[in-house]
Amino acid sequence: MRFITVIAIKEIRTYFASPMAYVVSAAFLAITGFFFVASVSDAFAEASIRGYLAGAIFFMIFMSPALTMRLIAEEQKLGTLELLLTSPLREFEIVMGKFIASFVMTMIMVVLSLYFVLVLFVYGDPDIGPLLSGLGGLMLYAAATLSVGLFASALSSNQIVGLVVGSGILTALTIIDFVSARLSGVGSQILDAFQLGASFSVFDLDSFGVAEGGHFADFARGIVSMTDIAYYLSLTAVFLLLTVLVLEARRWR
Amino acid sequence: MIKIEHMSKSYGPYPAVIDISFEVLKGEIVGFLGPNGAGKTTTMRVITGFTPPTEGEVTVGGYDVVSHSLDVRRHIGYLPETVPLYLDMPVNEYLTYMGEIRGMNRSWVKESLPKVIDMVKLGEYQNTLVGRLSKGYRQRVGIAQAILHEPDVLVMDEPTIGIDPIQVVETRELISNLGEEHTMLLSSHILPEVSAICKRVLVINDGRIVADDKPDDLSEKLQHAERIEISVRGAEGPAFINAMRDLSVVVDARSDQRASISQRAEREDFSPFIVDARPNLQASEQIAKTIIENGWGLTNLTPLPMTLEEIFLELTTEENLGD
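So the protein lines, in turn, are chains A and B. The working numbering applies: residue 1 is where the first sequence begins, and numbers increase by one. The working numbering applies: residue 1001 is where the second sequence begins, and numbers increase by one.
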């Protein structure tokens, strides 16, 4: 546990020592801000963060891999991975430390964007349920996307490869409902079960859609279901485990 | 402290190290000498637990590098050839981090960091970003991270490569001083460097250990030896070796360790030997005469193409070119 903390703190400091943290936070605030404003400036708008959530989870398809792409790829490029792997650390501790750092960064951004909620309370009467479930879902969603990004970062010493592969996996999980809509029966149901949550219908400024059959839909509506929680937690666990395996496999080459 | 028994390491079908065995005792400074690509880095990576051996057994301080990897890594300080550093961290922050992931707690780091920084003379650069330092200073940061956690064993891969001659001298001095307190394995492709620092030298070439000696004796042997492979029928090993050693032209004689056990078994009657002789003295002629006088059957007498002398030339000329 101590090693995990040491690594996480180091990585968080590195985020703030480079322009990365600032650029990504600014983009996150700008984009979610846009969707929030667009969703509440309608004449009959409801006081909710639905637009914000839809924008945030869509943007995270690209933002999460951008935050994690450096974490392992750069260690390989600089050769510092050799120092990490010859220190008395387990691969699991390295991966967890880095994952936690990226998660903390994402949560800092989410917290910075919470003034939207304040705005809602000042000018309206928002429903607390969907607000809390939405933010809780956002944390789970962030964890899942970051673990995919971290896995992609472990694959090579090239950060761009990490970004492309990570966003690629997340995009595939997002557009999976395009495919399932053209199938029927069990196949379609199985594919739907993997839908990540975001949807391209976010750009439809009347609905600010999240994927209807996806795992985020209920969170946005104020419903907390065990299926959705289990989906995000297992996605996170599976990709963190794969990352550990990729690092372990490196030794055996 | 370091014990390697019949270790081999291949990368896919490519063998990097083939059946090497040696031991480094507590407090010894051993130089690991060989041309580029000989297998030095691979051996060090196995010792430090970065990569497991394909075959054989390697222990450090009694711990096996595969089954007790974490214990091994706790006792080792390692400076890889590439001197990996986080360029965007200040020197003392980098060293603190390295200390902590080696298992030191904050107060221990606080206590030993000033001492180590003083030892490697980095005092005025403590707060400089590692990326701004010159190659020689980065090397010192690399050495500092290897010794900070007071490891029992130090493994340094080419610690003076790529730095300017004045800093090379300083770095060698620093390493010599470290050798007084640590068991150390140090690799180099430059013979004079190893001779200056180490009391024992292992020469590795093409993945095999070809010599293990004191630096002075090694130079002597390397410079003056001509290597001959001999097979004889009907000779007892020790008797043959003694007969050879009695000859004034012969420097050393031993049974051929390069031949595998199966090969040796097959050719039981034709035991292969290696004889190092002084050059230009018609050694082959005298050796052949002796064998025949003893009533043995000479079946093979071949001067070996890649001799230690050639390796030696390769190792010494590089330093001359470098300077």
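C-beta: ideal position from N, C-alpha, C; glycine also.
Proximity winner among the options, relative to residue i (alpha-carbon distances)
i, options, result
"R50 (chain A)", "A:Q195, A:S180 and A:P130", "A:P130"
"G1039 (chain B)", "B:D1164, B:G1027 and B:H1189", "B:H1189"
"A217 (chain A)", "A:T5, A:M226, A:A198 and A:L235", "A:A198"
"Y232 (chain A)", "A:Y123, A:T106, A:F194 and A:Y22", "A:F194"
"L245 (chain A)", "A:A21, A:A152, A:Y115 and A:I175", "A:A152"
"V1155 (chain B)", "A:T174, A:S87 and A:K77", "A:S87"
"V40 (chain A)", "A:Y123, A:K77, A:S201 and A:L247", "A:Y123"
"G1103 (chain B)", "A:A220, A:L241 and A:T5", "A:T5"
"Y1094 (chain B)", "A:T80, A:R90 and A:E91", "A:T80"
"P1035 (chain B)", "B:E1005, B:M1001 and B:S1187", "B:S1187"
"Y22 (chain A)", "A:T106, A:F59, A:L78 and A:A56", "A:T106"
"T1096 (chain B)", "B:I1076, B:D1064 and B:G1142", "B:G1142"
"V165 (chain A)", "A:L146, A:D177 and A:F3", "A:L146"
"V1083 (chain B)", "B:E1005, B:E1180, B:P1013 and B:E1158", "B:E1158"
"M226 (chain A)", "A:F116, A:A73 and A:H215", "A:H215"
"F178 (chain A)", "A:R2, A:F200 and A:F16", "A:F200"
"A1327 (chain B)", "B:T1299, B:V1203 and B:S1248", "The displayed coordinates of chain B run from 1001 to 1323. Any statement about residue 1327 (chain B) would go beyond what the structure contains."
Residue i, enclosing alpha helix (DSSP H) - first and last residue
i, result
"K1289 (chain B)", "A1283 to E1293"
"E46 (chain A)", "Per DSSP, E46 (chain A) belongs to no alpha helix (DSSP H) and is neither H nor E."
"A1038 (chain B)", "From DSSP, A1038 (chain B) is part of no alpha helix (DSSP H); its letter is neither H nor E."
"M1104 (chain B)", "Per DSSP, M1104 (chain B) belongs to no alpha helix (DSSP H) and is neither H nor E."
"R221 (chain A)", "A217 to R221"
"G114 (chain A)", "Note on identity: in this sequence residue 114 (chain A) is Leu, with Gly being the wrong assignment. Per DSSP, L114 (chain A) belongs to no alpha helix (DSSP H) and is neither H nor E."
"S1134 (chain B)", "No alpha helix (DSSP H) holds S1134 (chain B); DSSP gives it neither H nor E."
"S18 (chain A)", "No alpha helix (DSSP H) contains S18 (chain A), which DSSP labels as neither H nor E."
Residue i (DSSP reduced to helix, strand or coil)
i, result
"A211 (chain A)", "coil"
"D127 (chain A)", "coil"
"N1177 (chain B)", "helix"
"D204 (chain A)", "coil"
"S188 (chain A)", "helix"
"P1080 (chain B)", "coil"
"Y1086 (chain B)", "coil"
"D1323 (chain B)", "Confidence at D1323 (chain B) is low in this model, with a pLDDT of 38, below 50, so the placement of that residue is unreliable and no value is reported for it."
"A1277 (chain B)", "strand"
"T1048 (chain B)", "coil"
"T86 (chain A)", "coil"
"M1 (chain A)", "coil"
"L1148 (chain B)", "coil"
"T174 (chain A)", "helix"
"G197 (chain A)", "coil"
"G1031 (chain B)", "strand"
"D1164 (chain B)", "coil"
"S1187 (chain B)", "strand"
"E74 (chain A)", "helix"
"N158 (chain A)", "coil"
Residue interval of the beta strand (DSSP E) (run including residue i)
i, result
"D1252 (chain B)", "V1250 to S1255"
"E1158 (chain B)", "Run containing E1158 (chain B): none; DSSP gives neither H nor E here."
"I1197 (chain B)", "Counting along the chain, I1197 (chain B) falls outside any beta strand (DSSP E), though it belongs to the alpha helix (DSSP H) covering L1191 to I1197."
"A1016 (chain B)", "Y1014 to V1024"
Those residues which DSSP pairs with residue i across a bridge
i, result
"G1009 (chain B)", "The residue you asked about is not Gly; residue 1009 (chain B) is Lys in the sequence shown. Answer is B:V1017, bridged to K1009 (chain B)."
"S1231 (chain B)", "B:P1272 and B:N1300"
"L1129 (chain B)", "B:P1090"
"K1003 (chain B)", "B:E1023 and B:T1059"
"A1211 (chain B)", "B:V1203"
"D1064 (chain B)", "B:T1059"
"E1226 (chain B)", "B:A1277"
"V1153 (chain B)", "B:I1076 and B:T1183"
Proximity test, residue i beta-carbon vs the ligand FAD heavy atom, cut-off 8 angstroms
i, result
"S157 (chain A)", "Because no ligand of any kind appears in the structure shown, any question about the ligand FAD cannot be addressed here."
For the segment 1048-1060 of chain B, which residues have a beta carbon sitting closer than 7 angstroms to at least one beta carbon of chain A? T1048, G1049, F1050, T1051 and P1052
For the segment 86-104 of chain A, enumerate the residues whose C-beta is nearer than 7 angstroms to any C-beta of chain B, in chain order. T86, S87, P88 and L89
Got a sec: which bits of the segment 1083-1103 of chain B sit with their beta carbon under 9 angstroms from any beta carbon on chain A, in order along the chain? Listed by position along the chain: V1083, P1084, L1085, Y1086, L1087, D1088, M1089, E1093, Y1097, M1098, E1100, I1101, R1102 and G1103.
Mind checking the segment 171-194 of chain A against chain B and listing, in chain order, the residues whose C-beta falls within less than 7 angstroms of any C-beta there? none
Beta carbons nearer than 7 angstroms to chain A: which residues of the segment 1120-1147 of chain B have them? none
Below 9 angstroms between beta carbons is the criterion; list the residues of the segment 1011-1030 of chain B that meet it against any residue of chain A, in chain order. Y1011 and G1012
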